[in-house]
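With mature numbering (1 follows the signal peptide of the UniProt record, and there is no 0) applied, the sequence shown covers -34 to -1, 1 to 980. Ideal placement from N, C-alpha and C gives every residue a C-beta, glycine not left out. In what follows, a single structure is set out as structure tokens and then discussed.
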Amino acid sequence: MLCGFQATWNTKLFNRLLLPFYFLSLVILLDSKAQQTELEWISYPPSGWEEISGLDENYTPIRTYQVCQVMEPNQNNWLRTSWIEKGDAQRIFVELKFTLRDCNSLPGVVGTCKETFNLYYQETDSEVGRNIRENQYVKIDTIAADESFTQGDLGERKMKLNTEVRIIGPLSRRGFYLAFQDVGACIALVSVKVYYKKCWSIIENLATFPDTVTGSEFSSLVEVEGTCVSDAEEEADNSPKMHCSAEGEWLVPIGKCICKAGFHQKGDACEPCGRGFYKSSSQDLQCSRCPAHSYNDREGSWRCDCEDGYYRGLSDPPSVACTRPPSAPQNLVYNINQTTVSLEWSPPADTGGRNDVTYRIMCRRCSWEPEECVACGGNVGYSPQQAGLVDTYVSVVDLLAHANYTFEVEAVNGVSDLSRTQRLFAAVSIATSQATPSQVSEVIKERVQQRSIQLSWQEPEQPNGVITEYEIKYYEKDQKDRIYSTVKSRSTSATVNNLKPSTAYVFQIRAFTAAGYGTYGPRLEVTTKEEASATIVSSEQNPVIIIAVVAVAGTIILVFMVFGFIIGRRHCGYSKADQEGDEELYFQCTKTYIDPETYEDPNRAVHQFAKELDASCIKIERVIGAGEFGEVCSGRMKLPGKRDMSVAIKTLKVGYSEKQRRDFLCEASIMGQFDHPNVVHLEGVVTRGKPVMIVIEYMENCSLDAFLRVSTFQRVQCSRVEQRHCVSVQELTVFLCCVQKHDGQFTVIQLVGMLRGIAAGMRYLSDMGYVHRDLAARNVLVNSNLVCKVSDFGLSRVIDDDPEAVYTTTGGKIPVRWTAMEAIQYRKFTSASDVWSYGIVMWEVMSYGERPYWDMSNQDVIKAIEEGYRLPAPMDCPPGLHQLMLDCWQKDRADRPKFDQIVGILDKMIRNPNTLKTPVGTCTRPISPLLDQSTPDFTTFRSVGEWLEAIKMERYRDNFTAAGYSSLDSVARMSIEDVMSLGISLVGHQKKIMSSIQTMRAQMLHLHGTGIQV
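Rendered as structure tokens:
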């Protein structure tokens, strides 16, 4: 045979290994080797292509076509396949295996022999018959052989088999024909294979992705949405998707499905939780064993049922153990004061396994006959309240005299109302003593004038003792007893003076005996007379009288002005107030701060502004710090007639000098002048006993900077807290520092609320004329309700045991990092310099207690500020807040906002939280102490130690070494969780290190992208 097709397969083993994987993504439309019978393709002219039988490289019988009319010029032989239906494919692959004889091995055919043939296709929606029209075909390519054979090869059976693959597409009709054109070659088609590629169905991330045909373009990816497997659901806003590549491979998985509540993942399926287990949410990964005192006896449960006698509160999550109502309160005792009963008790022995125990009081009034009791009704009062009591005491007032009462105290928790068991309570029966007088029922207006009203009344029908006086309560009708005054009278008549003309007043009267005040009687409404026209002094009247009257009036006014200046130094002025829609002019005075240094005798100043306490009322419990003048303690204060309260106490050390005593009490003289919810309150002083003490309100949550630094992993006991983390060494307002567990992160609204409280306190101090001079987060205290209060009103002391914290100049020490430039350079302290310090406090709060200007020296800070450098925005800080900080740091103090304006700005932000959102894509500047604000080239560092030293974090060198981070490559792959696992707990340090790692990673990627080896 002139043209052969058998060949030796030199890579048979290799292809046998690869073919199973290769064909996984193929869908075969035509394979001539797979057909044992005649192919019956169309050959034109009939004398051209010839169908023959032969053997392939594996000696398997096949049908093939060959042509070898090289002796005759101008050959045009066509061969067309049968019609091929393409299915869903858009891009078709055609694989040709053929042999071709070298023209040089054919003598006498030079010029007419070819070594190529052409491949065509025609798209149709159905078969078109047996005629071949060349103009209806589209050429795919001219096919040439990589290797050709000679006649000698035929003798040695070393045929050269060529394989060529061509792509057709995109196709739009139902099917197509392939055609082969011979123009004078000696060629044999060993096999023709037509196929397309698809991604076969797969389960990924609990989602099923169906068979998917590849796209029409070589680089296209077909996006496919997955369907969750049984008992699974899509993750919120994260639908499962995958992409089918042009090679029939699944790529780029996005989103996932998660097993529903009651089911957990096992392999590629969701299986129900077994008996005794539950899964309450699809967000949980695994099923959990039923909590204590609960069970379930079915599979696929999302919660467990409570055992008999146990319950789960309506707001309790399924993961909480079932609980039961508490037992009865213990040790119920009472104290009777005429018609007032005080009850106290101890907590129940069994709280039912819950920590939300409260108490409620049931009161019943009983007759002298047994078991005849009725509810006390609304006439009885409870202090602080009847139900929902947290403390273990209550006072019941307005009881009837000489009556029997039964009180039941019940402990309740979150499941008490769900329980069907018998109520458990502590009860006590009490008989009241002498009663207060009954109401004054009849009041008569005797005389009504422009500015006074005379009233009379009858003695109550039931005096219940000797009436010693009456109290007349009166107020303007429009005020609705929001502001009222009282007048006392020992008889059954009284005249009320200093009233307004033409004004309606309401009067109520009650009587007083040894048993106390009775209840107010019915209201009496009386309107004063209109004011007569003012008498105009005639020019004919005696001028001496006029002069005398004016002189007396002026003298009285002068005396009042001088007296008011001496005792009060108050700022006064006229203002307008809106009274239910009507505008009324009233006179307003503002109290002014008085410097205690102006007093010659400091004892006089402290006793004018601070309350003297009896030392026996103060109980010191423990020493928690050391101040400049002595020890700082926590303790209790019990004043007569009041319940004891927690307080913080600063004591004056033994052997003090008179100057130390004066300086010690000076701060109390300052604090005693302030009364504002955002300024620490002074309870009083002890100067007549030993030790000398200053007593202030107790704050539960440390100084603001320490409170912000506490992280999730730092739940510690007081004895383990470093003093510098809780109490400033010279801070007056020191307190017990039991750190409550919190997540270390607050909402922006919470942080702005804290800042608003500080600004309100500073506005009050500024209005008083007081300049703080040392406003910083360490000098702001936080109570259990996150209310921030300004404290520490003495500047002359060491701050945080840190010699770098203050900058000494003539006249005292200055906390440089918090102080305005004019105060540092010229010692000009004003409310505007306090505004500068407030801006630093804002930065401390938004950076969670980070040290301002980080590890820069004080001299570097001063130099940087003079050159215009300002602290950058902390991470995730809203732009509006950072702009407010920059306004507070204006070089010209006249350009800085006032505290009143700051409070208004923060109020607007709180009312409109959208202004506090950081815009998407906003890049927050990294926390870096570099004055030139340049970013170091981290890729030039040779070790982790050099990198840590560059970012001022060398204190953590051992942490990185112990964890095995020995190269910058390993550091660049760290996440925030990795940083936290090293024991780095300060939020500011975590953010600083992560910001540096992100910059390092970007620099490394840039170097890789430019081909530079890192």
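Whose CA, out of 126, 259, 110, lies closest to the CA of residue 116? 126
Return helix, strand or coil for residue 209, following the three-state DSSP convention. strand
Beta-carbon proximity of residue 236 to residue 230, cut-off 8 Å: yes
By DSSP, does residue 802 sit in helix, in strand, or in coil? helix
Unbroken beta strand (DSSP E) runs of length 3 or more, entirely within the region 79 to 165: which are they? 82 to 90, 104 to 110, 128 to 134, 141 to 148, 152 to 165
Taking DSSP as the reference, what is the three-state secondary structure of residue 170? strand
Go through its chain and collect everything with a Cβ distance to residue 221's Cβ below 6 Å, but skip five positions before and after it. 204, 205, 206, 207
Please name the residue, chosen from 739, 865, 2, that lies closest to residue 17 on a Cα-to-Cα basis. 2
In chain order, each beta strand (DSSP E) run of at least 3 residues that lies wholly inside the region 640 to 675: 648 to 652, 659 to 663
Take the Cβ of residue 144 as the centre, count every other Cβ of all protein chains shown within 10 Å, and call the residue buried at 16 or more, exposed below. buried
Run through DSSP, which three-state label would residue 614 get? strand
Work out the CA separation of residue 274 and residue 936 for me, nearest whole Å. 56 Å
With distances taken between CB atoms, is the gap from residue 404 to residue 428 smaller than 8 Å? yes
Is the distance from the Cβ of residue 725 to the Cβ of residue 814 below 8 Å? no
Using a beta-carbon distance below 8 Å, is residue 38 in contact with chain D? The chain inventory of the structure shown lacks chain D, comprising one protein chain alone.
Evaluate residue 927 with the Cβ neighbour count: other Cβ atoms within 10 Å of its Cβ, from every protein chain shown; 16 or more gives buried, anything less gives exposed. exposed
Local conformation of residue 779 per DSSP, three classes: strand
For residue 20 and residue 97, what's the separation of their Cα atoms in angstroms? 28 Å
Examine the Cβ distances between the region 349 to 365 and the region 257 to 271 and report whether three or more of them are shorter than 8 Å. no
Can you tell me which of 65, 131, 79 puts its alpha carbon nearest to the alpha carbon of residue 114? 65
Contact under 8 Å by Cβ, residue 42 with residue 149: yes
Same chain only: Cβ atoms within 7 Å of residue 836, ignoring 5 sequence neighbours per side: 852, 855
On the CB-based measure, 16 or more other CB atoms within 10 Å of its CB, does residue 955 come out buried or exposed? buried
Please state the DSSP three-state secondary structure of residue 359. strand
Alpha carbon of residue 945 to alpha carbon of residue 938, nearest angstrom: 11 Å
Between the CA atoms of residue 440 and residue 734 - distance to the nearest angstrom: 33 Å
Grouping DSSP H, G and I as helix and E and B as strand, with all else coil, what is residue 376? strand
C-alpha distance - residue 266 paired with residue 252, whole-angstrom precision: 12 Å
Cβ pair residue 409, residue 490 closer than 8 Å: yes
Taking 8 Å as the cut-off, does the region 626 to 641 touch the region 574 to 583 (at least 3 CB pairs, one atom from each stretch)? yes
Reducing DSSP to helix, strand and coil, say where residue 321 ends up. coil
I'd like to confirm something about residue 868: is its beta-carbon nearer than 7 Å to some heavy atom of the ligand MG, or not? Here there are no bound small molecules, and the ligand MG is not part of this structure.
Straight-line CA distance for residue 425 to residue 559? 49 Å
Are there 16 or more other CB atoms within 10 angstroms of the CB of residue 789, so buried, or fewer, so exposed? buried
The region 315 to 324 / the region 368 to 381 touching (three or more Cβ pairs under 8 Å): yes
In this structure, what does DSSP give as the bridge partners for residue 34? 152
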